[in-house]
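A.B. asks: Chains as they are written, first to last, in our numbering: chain A, 110 to 265; chain B, 110 to 265. Handing you this structure, nothing more for now.
There are 2 protein chains.
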Amino acid sequence: METTDLLTIGEVAQRSGYPPSALRYYEREGLLRTTRTSGGQRRYERSVLRRLAFIRAARTIGVGLDEVREGLDELPDGRTPTKADWTRLSRSWRGRLDEQIQALVALRDGLDSCIGCGCLSLQRCRLYNPEDRVAELGPGARLLPPMLRRSPAEGV
Amino acid sequence: METTDLLTIGEVAQRSGYPPSALRYYEREGLLRTTRTSGGQRRYERSVLRRLAFIRAARTIGVGLDEVREGLDELPDGRTPTKADWTRLSRSWRGRLDEQIQALVALRDGLDSCIGCGCLSLQRCRLYNPEDRVAELGPGARLLPPMLRRSPAEGV
DNA sequence: GTGCGACTTGAAGTCAGCTTCAGGTCAAGG
DNA sequence: CCTTGACCTGAAGCTGACTTCAAGTCGCAC
Numbered sequence: 110m111e112t113t114d115l116l117t118i119g120e121v122a123q124r125s126g127y128p129p130s131a132l133r134y135y136e137r138e139g140l141l142r143t144t145r146t147s148g149g150q151r152r153y154e155r156s157v158l159r160r161l162a163f164i165r166a167a168r169t170i171g172v173g174l175d176e177v178r179e180g181l182d183e184l185p186d187g188r189t190p191t192k193a194d195w196t197r198l199s200r201s202w203r204g205r206l207d208e209q210i211q212a213l214v215a216l217r218d219g220l221d222s223c224i225g226c227g228c229l230s231l232q233r234c235r236l237y238n239p240e241d242r243v244a245e246l247g248p249g250a251r252l253l254p255p256m257l258r259r260s261p262a263e264g265v
Numbered sequence: 110m111e112t113t114d115l116l117t118i119g120e121v122a123q124r125s126g127y128p129p130s131a132l133r134y135y136e137r138e139g140l141l142r143t144t145r146t147s148g149g150q151r152r153y154e155r156s157v158l159r160r161l162a163f164i165r166a167a168r169t170i171g172v173g174l175d176e177v178r179e180g181l182d183e184l185p186d187g188r189t190p191t192k193a194d195w196t197r198l199s200r201s202w203r204g205r206l207d208e209q210i211q212a213l214v215a216l217r218d219g220l221d222s223c224i225g226c227g228c229l230s231l232q233r234c235r236l237y238n239p240e241d242r243v244a245e246l247g248p249g250a251r252l253l254p255p256m257l258r259r260s261p262a263e264g265v
């Protein structure tokens, strides 16, 4: 048995849950690095799985790929990231997550007041006339992504 | 002075905050209806402003246009929507908003445990191995949209 | 050495929710 | 009547995060 411990893209796909196309995409985007066989096929180090798990966690809380890359780039190049490295990254997202929760709670409170008032007063309704930064982000602004929208044949 | 009380697209744009392009888009998508002048220009009834405010509120809490249309379609065709109509719609979103907040709080708690453990144990980390439905929604799943991502020259 | 599944690439497609553009028309004040 | 700014249309473009496709190559078991 070989102890080289390198994984094919298919294996990484299966273990990480990311489809091969996404793995290739992440590589193109500089989020992953791979070695290649003499024939040009990708071989992944086992550590890519943790990296992918981290990417998934980041994506889940709404961090864009650009920013994920920035974060990962700050991990020291050669050495295995330490606990402190991951912790630093995680902590920076914790604050953001808090803000996002705050924003949603504020929206909910606004919605509550709207339910009470029937939203017939555009002047007074906080949801309709929010003065916070959400409103400043333009017409298309949305607080939550498609994935949390009602999915077909799941909601009821 | 005319008391026809119809608004041009420019006026609606200014009062609603939506650019004309968005208003035309919403009309194409069936979220708004307009009358036309003999020459083909749009004229909006004043009620479109409330409708737009409602659309904005919905969009803000993450409701997609398809679903906004569904909701608006349930408003009785001819008559001005009553307080009860708006309330029903708002209330249906309230539950969703709660769920979304719950999901984020769960993530935050997971992140907290990750900060504690340094996320070196992929088996144990809730964020890295979430067993809830967030994980099932696929690799690209994200809980929060671009608008809440760090904006340039604002964060620090 | 051969068969075949897993792999490779670049290019193009997808989705939502608009925006932008080109080329032309309308409406209203003077 | 004329000018000028607001308006019209359809088509194409944009962003982010991928997916899909076509056509070809690799690697490993038999």
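We treat Cβ as the ideally placed atom computed from N, Cα and C, and that holds for glycine.
Going along chain A, which residues have a C-beta under 8 Å from residue 207 of chain B?
C.D. replies: The residue you call residue 207 of chain B lines up with position 98 of the second sequence. Correct list: 217.
A.B. asks: Going by C-alpha distance, which of A/168, A/171, A/201 is nearest residue 183 of chain A?
C.D. replies: As a position in the first sequence, residue 183 of chain A is number 74, starting the count at 1. Ranking A/168, A/171, A/201 by Cα distance to residue 183 of chain A puts A/201 first.
A.B. asks: Compute the Euclidean distance between the alpha carbons of residue 213 of chain A and residue 196 of chain A, then round it to the nearest angstrom.
C.D. replies: Looking up residue 213 of chain A in the first sequence gives position 104. Looking up residue 196 of chain A in the first sequence gives position 87. Those two C-alpha atoms are separated by around 26 Å.
A.B. asks: Going by C-alpha to C-alpha distance, which of A/146, A/219, A/210 sits closest to residue 118 of chain A?
C.D. replies: Numbered from 1 along the first sequence, position 9 holds the residue referred to as residue 118 of chain A. Considering only alpha carbons, the answer is A/146.
A.B. asks: Below 8 Å on C-beta distance, what does residue 210 of chain A contact in chain B?
C.D. replies: Within the first sequence, residue 210 of chain A is the residue found at index 101, counting from 1. Per Cβ cutoff of 8 Å: 210, 213, 214, 217.
A.B. asks: Does any residue of chain B have a CB that is nearer than 8 Å to the CB of residue 169 of chain A?
C.D. replies: Taking the first residue of the first sequence as position 1, residue 169 of chain A is located at position 60. It does; some Cβ of chain B falls within 8 Å.
A.B. asks: May I have the straight-line CA-CA distance separating residue 207 of chain B from residue 209 of chain A, to the nearest angstrom?
C.D. replies: Position 98 of the second sequence, counted from the start, is the residue given in the question as residue 207 of chain B. Position 100 of the first sequence, counted from the start, is the residue given in the question as residue 209 of chain A. If you take the alpha carbons of residue 207 of chain B and residue 209 of chain A, they lie about 13 Å apart.
A.B. asks: Helix, strand or coil for residue 140 of chain A per DSSP?
C.D. replies: Here residue 140 of chain A is taken as the residue at index 31 of the first sequence, counted from 1. Reduced to three states, the DSSP call for residue 140 of chain A is coil.
A.B. asks: If contacts are defined as beta-carbon pairs under 8 Å, then residue 132 of chain A and residue 160 of chain A qualify, I think. What distance do you get, rounded to the angstrom?
C.D. replies: Within the first sequence, residue 132 of chain A is the residue found at index 23, counting from 1. Within the first sequence, residue 160 of chain A is the residue found at index 51, counting from 1. Not really, about 11 Å apart at Cβ, beyond 8 Å.
A.B. asks: Identify, in the order they occur along the chain, each residue of the same chain with its Cβ nearer than 8 Å to the Cβ of residue 142 of chain A, setting aside the five sequence neighbours on each side.
C.D. replies: To locate residue 142 of chain A, count along the first sequence from 1; it is residue 33. For residue 142 of chain A, where only same-chain residues beyond five positions count, the Cβ hits under 8 Å are 136.
A.B. asks: Among all the DSSP beta bridges, which residues are the ones paired with residue 151 of chain A?
C.D. replies: In the first sequence, counting from the first residue as 1, residue 151 of chain A sits at position 42. In DSSP, residue 151 of chain A forms a bridge with A/145.
A.B. asks: Starting from the Cα of residue 167 of chain A, find the closest Cα among A/198, A/194, A/148, A/193 and give me that residue.
C.D. replies: Mapped onto the first sequence, residue 167 of chain A falls at position 58. That would be A/198, whose Cα lies nearest to the Cα of residue 167 of chain A.
A.B. asks: Could you check how far apart the C-beta atoms of residue 177 of chain B and residue 140 of chain B are, in whole angstroms? I think they sit under 8 Å.
C.D. replies: Sequence index remark: in the second sequence, residue 177 of chain B carries index 68 (1-based). Sequence index remark: in the second sequence, residue 140 of chain B carries index 31 (1-based). At roughly 6 Å, the Cβ-Cβ gap stays under 8 Å, so residue 177 of chain B and residue 140 of chain B are in contact.
A.B. asks: When DSSP labels each residue in this structure, what does residue 132 of chain B get in the three-state scheme?
C.D. replies: Here residue 132 of chain B refers to the residue found at position 23 when the second sequence is read from its first residue. Reduced to three states, the DSSP call for residue 132 of chain B is helix.
A.B. asks: Our contact map puts residue 121 of chain A next to residue 174 of chain A with C-beta atoms below 8 Å; I'd like the distance itself, whole angstroms only.
C.D. replies: By one-based count along the first sequence, residue 121 of chain A stands at place 12. By one-based count along the first sequence, residue 174 of chain A stands at place 65. Actually they do not touch by this definition, with Cβ atoms about 18 Å apart.
A.B. asks: Out of A/126, A/204, A/185, point me to the one whose CA is closest to residue 164 of chain A's CA.
C.D. replies: Against the first sequence, residue 164 of chain A aligns to sequence position 55. Ranking A/126, A/204, A/185 by Cα distance to residue 164 of chain A puts A/126 first.
A.B. asks: Going by CA-CA distance only, name the one from A/185, A/205, A/215 that's closest to residue 217 of chain B.
C.D. replies: Counting from one through the second sequence, the residue named residue 217 of chain B turns up at place 108. It is A/205 whose Cα lies nearest to the Cα of residue 217 of chain B.
A.B. asks: Comparing C-alpha positions only, which one of B/130, B/124, B/144, B/203 sits nearest to residue 171 of chain B?
C.D. replies: Sequence index remark: in the second sequence, residue 171 of chain B carries index 62 (1-based). Among B/130, B/124, B/144, B/203, the Cα nearest to that of residue 171 of chain B belongs to B/203.
A.B. asks: Which parts of the segment 170–215 of chain B are runs of the alpha helix (DSSP H), unbroken and 4 residues or longer, counting only runs that do not cross its ends?
C.D. replies: For the segment 170–215 of chain B, whole alpha helix (DSSP H) runs of length 4 or above, ordered along the chain, are 174–182.
A.B. asks: Tell me which residue opens and which closes the alpha helix (DSSP H) that residue 125 of chain B is part of.
C.D. replies: Position 16 of the second sequence holds residue 125 of chain B. Where residue 125 of chain B is concerned, the enclosing alpha helix (DSSP H) stretches over 118–125.
A.B. asks: Could you tell me whether the Cβ atoms of residue 144 of chain B and residue 155 of chain B are closer together than 8 Å?
C.D. replies: Translated into positions along the second sequence, residue 144 of chain B becomes position 35. Translated into positions along the second sequence, residue 155 of chain B becomes position 46. No.
A.B. asks: DSSP three-state label for residue 161 of chain B, please.
C.D. replies: Stepping through the second sequence from its first residue, residue 161 of chain B is reached at position 52. Looking at residue 161 of chain B - three-state DSSP - the assignment turns out to be helix.
A.B. asks: In whole angstroms, what separates the C-alpha of residue 185 of chain B from that of residue 130 of chain A?
C.D. replies: The residue labelled residue 185 of chain B in the question sits at position 76 within the second sequence. The residue labelled residue 130 of chain A in the question sits at position 21 within the first sequence. For residue 185 of chain B and residue 130 of chain A, the distance between alpha carbons rounds to 46 Å.
A.B. asks: Should residue 149 of chain A be labelled buried (16 or more other beta-carbon atoms within 10 Å of its own) or exposed?
C.D. replies: Counting from one through the first sequence, the residue named residue 149 of chain A turns up at place 40. Looking at its Cβ environment, which holds fewer than 16 other Cβ atoms inside 10 Å, residue 149 of chain A is exposed.
A.B. asks: If you run the structure through DSSP and keep just helix, strand and coil, what is residue 114 of chain B?
C.D. replies: As a working note, residue 114 of chain B is residue 5 in the second sequence. DSSP places residue 114 of chain B in coil when its eight states are reduced to three.
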